[in-house]
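What follows is a set of notes on a single structure, which appears directly below.
Numbering (the numbering used here), first residue to last: 12 to 158.
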């Protein structure tokens, strides 16, 4: 799994979905070849500093808190904010010299199977109509990326 940021051109394509996180410097975890409605896509899963404490545990993978993480909130990979991505929109996220980013990368690598399984489980439920409040509109986003 790679840590990446997303090229602004893709974020601009996705402005029609208000749930896509628009911060251009946000790190994402690239999860490749997940199945959604009988087709395979690569997905970018955002790393968020402030996932609400009320978020169900199956909607995120918890990471150690950052200094920006507010009390009672969670830091982690937020599955309900994932979106499809293609290689041309990926930008390498540099972790050199950043011990916290290296720690996060190592935790993600160590738990990659669990993360892939949980992302796929989320997509399976989403395709069956179980769409959490504040989740990205995957059908709209797939339509946009294929334009």
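Glycine included, C-beta positions come from ideal geometry on N, C-alpha and C.
Enclosing alpha helix (DSSP H) for residue i [first to last residue]
| i | result |
| --- | --- |
| residue 153 | 149-156 |
| residue 138 | 123-138 |
Backbone CA spacing between residue i and residue j [nearest angstrom]
| i | j | result |
| --- | --- | --- |
| residue 131 | residue 45 | 6 Å |
| residue 165 | residue 57 | Outside the shown range of the chain (12 to 158) lies residue 165, about which nothing can therefore be said. |
| residue 5 | residue 106 | No answer is possible for residue 5: the residues shown for the chain start at 12 and end at 158. |
| residue 37 | residue 22 | 11 Å |
| residue 68 | residue 52 | 24 Å |
| residue 20 | residue 34 | 12 Å |
| residue 158 | residue 138 | 21 Å |
Under the three-state DSSP convention, the category residue i falls into
| i | result |
| --- | --- |
| residue 16 | strand |
| residue 117 | helix |
| residue 160 | Because the chain here runs from 12 to 158, residue 160 falls outside it and cannot be looked at. |
| residue 110 | helix |
| residue 32 | coil |
| residue 104 | coil |
Supposed contact pair residue j and residue i - C-beta distance, whole angstroms, cut 8 Å
| i | j | result |
| --- | --- | --- |
| residue 40 | residue 88 | 6 Å |
| residue 85 | residue 64 | 7 Å |
| residue 72 | residue 122 | 7 Å |
| residue 15 | residue 102 | 6 Å |
| residue 92 | residue 30 | 7 Å |
| residue 90 | residue 47 | With 8 Å as the limit, residue 90 and residue 47 do not qualify as a contact, their Cβ atoms being about 13 Å apart. |
| residue 74 | residue 17 | Rounded, the Cβ-Cβ distance is 19 Å, inconsistent with contact. |
Host beta strand (DSSP E) of residue i (start-end)
| i | result |
| --- | --- |
| residue 46 | 39-47 |
| residue 25 | Here residue 25 belongs to no beta strand (DSSP E), and DSSP marks it neither H nor E. |
| residue 78 | Looking at the DSSP string, residue 78 is not in any beta strand (DSSP E), and its letter there is neither H nor E. |
| residue 144 | It is not in any beta strand (DSSP E) - residue 144 carries neither H nor E in the DSSP assignment. |
| residue 168 | Any property of residue 168 remains undetermined from this structure, which presents the chain solely from 12 to 158. |
With three or more C-beta pairs closer than 8 Å as the rule, is the region 135-153 touching the region 104-113? no
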